[in-house]
Each structure stands twice: as structure tokens, then as C-alpha cells.
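All residue numbers for the sequence shown refer to our numbering, where the first residue is 83 and numbers rise by one.
No residue lacks a Cβ here, since even glycine has one placed at the ideal position from N, Cα and C.
A short worksheet on the structure shown next.
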Amino acid sequence: MTDSKSWVRVADVQDIDATIPFLVELNDRAIALYRVDDVVYATDDTCSHAEASLCEGEYHGYVVTCPRHGGQFDIRTGRAVKMPAIVPIDVFPVRVEGTDVFLSPDDL
Ligand code: FES
Numbered sequence: 083m084t085d086s087k088s089w090v091r092v093a094d095v096q097d098i099d100a101t102i103p104f105l106v107e108l109n110d111r112a113i114a115l116y117r118v119d120d121v122v123y124a125t126d127d128t129c130s131h132a133e134a135s136l137c138e139g140e141y142h143g144y145v146v147t148c149p150r151h152g153g154q155f156d157i158r159t160g161r162a163v164k165m166p167a168i169v170p171i172d173v174f175p176v177r178v179e180g181t182d183v184f185l186s187p188d189d190l
């Protein structure tokens with residue numbers, strides 16, 4: 083860790099399923115983790131449409147589908163890619179060291 087941010091270990095890479103987002107909490111914020119081709123991504127867990135948990139949905143490739151109304155987001159950018167979701171969700175930088183997955187509270 084060479085930058086000045088603080089990082090907190092939140093998961094092991096092996097915890098993250100290939101289609102079901104993995105829910106973690108940091109500073110009382112629910113965050114969804116994803117793993118695509120061994121790269122880990124992190125987004126808000128809360129859908130921007132009506133606050134469903136994205137971790138109760140599924141993702142395929144870079145697209146997560148909200149379980150409540152089927153809105154979709156690109157997990158790399160947070161951009162809403164399918165209605166009724168319109169407003170983007172936040173995405174967060176992830177560090178992986180070995181199999182340890184870290185998020186920074188400084189990014190929340
Ligand atoms: Fe997610 Fe409606 S709550 S699309």
C-alpha cells in the first residue's frame with residue numbers, strides 16, 4: 083500500500099460468487115462486490131431507483147440486474163443501462179493483495 087489512503091480488508095476474493103454480488107459493509111454503507119475475470123469491482127449495494135439491494139440480484143459480465151424492477155447498471159462505471167434505473171450508482175476503487183480485498187473508507 084503506497085498511497086496515503088487508509089484501506090480496510092473487507093473480503094477474500096474466494097468469497098465473491100461469479101453471479102451473485104457479495105455484500106459487505108464499511109462505515110455503515112452497504113457495498114456490493116463483484117468478480118469478473120479475476121478483477122474485483124465495488125458499487126453501492128442500494129439501487130438508485132427504489133433502494134432495493136443489488137446483492138439480492140444477479141450479475142452477468144459487467145451488468146448487475148436489480149431484483150425489484152429489473153433495472154441494470156454497469157458495475158465498472160455505475161451507469162444505469164436499463165430502465166427503470168436512470169440515476170447512476172457510486173463505484174469504488176478496490177485493491178486486491180493476494181486474495182485479500184480492500185476498500186478505502188476515504189472513498190465513501
Ligand atoms: Fe432497482 Fe427499481 S429498485 S430497478
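- Relative to the ligand FES, the beta carbon of Arg91 is positioned no closer than 7 Å to any heavy atom.
- Nearest C-alpha to Val176 among Ile102, Val118, Asp110: Val118.
- A check of alpha carbon separations from Val145 across Gly160, Lys87, Val106, Trp89 identifies Gly160 as the nearest.
- When the beta-carbon positions are compared, Val122 and Val183 come within less than 8 Å of each other.
- Taking each of Thr125, Ser88, Asp110 in turn and checking the Cα distance to Phe104, the smallest one comes out for Thr125.
- If you draw a straight line from the Cα of Gly152 to the Cα of Pro170, it comes to about 15 Å.
- When secondary structure is reduced to three states using DSSP, Leu136 falls in the helix class.
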